[in-house]
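J.: Going down the list, the sequences are from chains A and B. Using our numbering, read the first sequence as starting at 40 and increasing by one per residue. Using our numbering, read the second sequence as starting at 941 and increasing by one per residue. One structure, pasted below without further comment.
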Amino acid sequence: MTVRILGVSAFYHDSAAALVVDGTVVAAAQEERFSRKKHDPRFPRLALEAVLSAGGIGLAEVDHVVFYDKPFLKFERLLETYLAFAPRGFRSFRMAVPVWLKEKLFQKALLKTELQKLDPGFDGTRLLFSEHHLSHAASAFFPSPFDQAVVLTMDGVGEWASTTAGLGHGRVLDIVREIHFPHSLGLLYSAFTYYTGFKVNSGEYKVMGLAPYGEARYLPLILEHLIDIKPDGSFRLNLDYFNYCTGLTMTNRRFDALFGGPPRHPDEPLTQRHMDLAASVQAVTEEVVLRLTRSLAKEYRQPNLCLAGGVALNCVANGKVLRDGGFKNIWVQPAAGDAGGALGAALAAYHGLCGGPRTPQPGDSMAGSYLGPDFSDEEIQRRLQAVGARFTILDEQTLIARTADALAAGRAVGWFQGRMEFGPRALGARSILGDARSPTMQRVLNLKVKYRESFRPFAPSVLREDVAEWFELDGDSPYMLVVADVVRRRRLALTDAQTSLFGIDKLNVPRSDIPAVTHIDYSARIQTVHRETNPRYHALLSEFKRLTGCPVLVNTSFNVRGEPIVGSPEDAFRCFMGTEIDVLAVGRAFLVKGEQDDLLRSDYKNTFERD
Amino acid sequence: MMDFIKELWLFMRVRKKFWLLPIFLMMALLGGLLVFAKGSAIAPFIYTMF
């Protein structure tokens, strides 16, 4: 008998829905892509409809709906934290408790009401709740290619746990160790994200991108005052310096005094000090993650490691774990953040509660993470016509040839193909592409297409078969979750004057044959492109290589700053018309900017709240 | 609502956290008062409590 399970994550950030049928991940999508509100925390009605439609079923045919965490446990943590710190934290208590009493404590009823809108016959008996970190661990282990593995999850906080270690074997997954709130690596990183003037829960990438510009000058201070790391990687934070337990900010005055000033205001310019702070927290994070993975490798003598949780999106740390060699193979869930919890919750219920069998697939069972909606050629044409786009329908070969030509000529290309990615990274289905060889591409894309901070690096897509020719990596990295350096022979020697540059001035110095994707420390966040999972993108890279000798493209998400990645052909067209993207390929429809109606151009970049 | 109370009770039993009960009761009481208090005669009573 077929077992259909729907996973749901919602009400905090990055709501999502995932459909698992007999253990196979049929579809998964984040609500923000449909609602056009970044990190949308609302009940994922649109995502749910999309995954059910992809599975060709209605909610009535679903056996279980599994929510990704346990609200009562979370409330328990909240209450106990307030009690532990009382009378401090009254302001925060006064704000949080009414929200809980009115809404969050009654999540089961809320979920039931929302689900009944899709299926009036839905009753609570089909509704289950998984634990937050079990959901993460399940999302990391069950789709992985391993029969046995150590599973490490790290994030801000779930119910109580902020870090867990588990063991996966066949269809069984056991959590064996936990570190509890308020001690949290994710929250430490978020504290520095806040302190360096970025948004918590979304600006962490920026801190990671900023880190190579700085020196870890504050590392001794952090190790002495903020965190006590044990040899096995377990840790405790010194809560005297943080405000997140009871306050409305991440850090407090004592933290300011320790690091020599108040938090940066988002509009304030970034200075070397902020870069050094970023470098320091990145170094601490790597130290904790490496100690954890080394001790787990030693204890369990397992060659395989699975990672999930927001901290697993720290691809710089992941790269270091891989090179450290404690584990031979590492697999990271592409939707490692809370969105992936929806998928994990569904898989945990299938293999745990339902006792469903599990057969690990070579590669993995995520289908390249192309798990979202797609659009037929006819639908694309109809939708593009409706918004006034002027386009040509090309055959497959011509589409690839013309797109590769445009890329080789230095054009910025919007690339909207096939099923949408699940997870925060664009992987060649909803991407903006550019020529990685161009020394100006990084600047152009940052300032004229994405309208984002000029220090932020771009990631390369590279043909899997050519990855070792260009990067110090000879394995799969299909989800852009591993960072490795550009190989030495592709690097360019710097002059003394260039070497002595500081901070963002370093950015404009080309440092390899593919400067647009080489960060200032020669690192790159690599996506290996595989023929099996994305044949059209693979064909494009192959054609670009034939034209230029280079199998590498810049691949950045198809959006502007603050905007969720485009979800529909209309979104893609609007973004195309509102930015300086030159060419757009939506399925086989090919659009050139110069041929479009000028009246459809819009001031797009201010439409979205800055992240 | 009965379902919710039943689940909350089960939760406290499984977690062995019966000491949360008085806190839950206080909150339910205050929460109830706050709801009723909107524009009612109970409002002054609540304000003196804070």
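Just so you know, even glycine gets a beta-carbon here, dropped at the ideal spot from N, CA and C. Quick caveat, the model's predicted, so the values are computed rather than measured.
Which residues share a DSSP beta bridge with N368(A)?
T.: N343(A)
J.: Between A611(A) and G453(A), which are expected to be in contact by the criterion C-beta below 8 Å, what is the C-beta distance as a whole number of angstroms?
T.: 6 Å
J.: Beta-carbon of G364(A) versus every beta-carbon of chain B: anything under 7 Å?
T.: no
J.: For F647(A) and G601(A), I'd like the C-alpha separation in whole angstroms.
T.: 5 Å
J.: Please report how far the alpha carbon of D53(A) lies from the alpha carbon of Q436(A), in whole angstroms.
T.: 37 Å
J.: Flag G617(A) as yes if its beta-carbon sits less than 7 Å from any beta-carbon of chain B, otherwise no.
T.: no
J.: At 4 residues or longer, what runs of the alpha helix (DSSP H) sit wholly inside the region 508-552 of chain A?
T.: 535-538
J.: So F583(A) contacts chain B; which residues on that side make the cut at Cβ distance below 9 Å?
T.: Chain B residues near F583(A): none, gap ~57 Å exceeds 9 Å.
J.: So T192(A) is in the beta strand (DSSP E); what residue range does that whole segment cover?
T.: 187-193
J.: Can you pull the chain B residues whose beta carbon is under 7 Å from the beta carbon of L118(A), in chain order?
T.: L960, I963
J.: Indicate whether at least one CB of chain B lies closer than 7 Å to the CB of L167(A).
T.: no
J.: I'd like to know if G972(B) contacts chain A, where contact means its C-beta is closer than 7 Å to some C-beta of that chain.
T.: Chain A, which has no Cβ nearer than 7 Å to the Cβ of G972(B), makes this no.
J.: Nearest to L85(A) by CA position, among V189(A), A68(A), K77(A), L149(A), is which residue?
T.: A68(A)
J.: Determine whether the beta carbon atoms of V625(A) and F455(A) lie at a separation below 7 Å.
T.: yes
J.: Give a yes or no on whether the minimum CB-CB distance between F132(A) and chain B is below 7 Å.
T.: no
J.: With distance defined between alpha-carbon atoms, name the residue in L150(A), Q420(A), F185(A), V138(A) nearest to Q692(A).
T.: Residue 692(A) lies beyond the range of chain A shown here (40 to 650); nothing can be said about it.
J.: List, in order along the chain, the chain A residues whose C-beta lies closer than 8 Å to that of M967(B)?
T.: V136, L140
J.: Mind reading off the beta-carbon distance from P499(A) to V593(A)? Whole number of angstroms is fine, and I expect it under 8 Å.
T.: 7 Å
J.: Name the residue from L154(A), L173(A), S92(A) whose alpha carbon lies nearest to the alpha carbon of Y107(A).
T.: L173(A)
J.: Select from Q400(A), P301(A), L484(A) the residue whose C-alpha is nearest the C-alpha of Q187(A).
T.: The candidate whose alpha carbon is nearest that of Q187(A) is Q400(A).
J.: Do the region 265-277 of chain A and the region 328-343 of chain A make contact, defined as three or more Cβ pairs closer than 8 Å?
T.: yes
J.: Can you give me the start and stop residues for the alpha helix (DSSP H) that V360(A) sits inside?
T.: From DSSP, the alpha helix (DSSP H) with V360(A) extends over 354-363.
J.: Indicate whether the contact test is met: 3 or more Cβ pairs, each with one atom in the region 153-173 of chain A and one in the region 98-105 of chain A, closer than 8 Å.
T.: yes
J.: Hey, how far is the Cα of T538(A) from the Cα of Q311(A)?
T.: Between T538(A) and Q311(A), the C-alpha separation is close to 16 Å.
J.: Between F124(A) and chain B, is any beta-carbon pair separated by less than 7 Å?
T.: no
J.: Give a yes or no on contact between the region 342-351 of chain A and the region 364-382 of chain A, applying the rule of three or more CB pairs nearer than 8 Å.
T.: yes
J.: Please give me, in chain order, every unbroken run of the alpha helix (DSSP H) with length at least 4 that falls completely inside the region 167-245 of chain A.
T.: 171-180, 224-234
J.: Check E119(A) in the structure and name its three-state DSSP category.
T.: helix
J.: Over what stretch of residues does the alpha helix (DSSP H) that includes W139(A) continue unbroken?
T.: Counting along the chain, the alpha helix (DSSP H) containing W139(A) begins and ends at 129-141.
J.: Taking the alpha-carbon positions, what's the L512(A) to G379(A) distance?
T.: 26 Å
J.: Applying a beta-carbon distance threshold of less than 8 Å, which residues of chain A neighbour R953(B)?
T.: By Cβ distance, chain A contributes nothing, its closest Cβ being about 12 Å from R953(B), past 8 Å.
J.: Buried or exposed: E170(A), going by 16 or more other Cβ atoms within 10 Å of its Cβ?
T.: buried
J.: Residues of chain A with a CB under 8 Å from the CB of K957(B): which are they?
T.: Correct list: E115.
J.: Using three-state DSSP, classify A374(A) as helix, strand or coil.
T.: coil
J.: So what does DSSP say about I559(A), is it helix, strand or coil?
T.: coil
J.: Go ahead and pull the three-state DSSP assignment for T324(A).
T.: T324(A) falls in the helix class under three-state DSSP.
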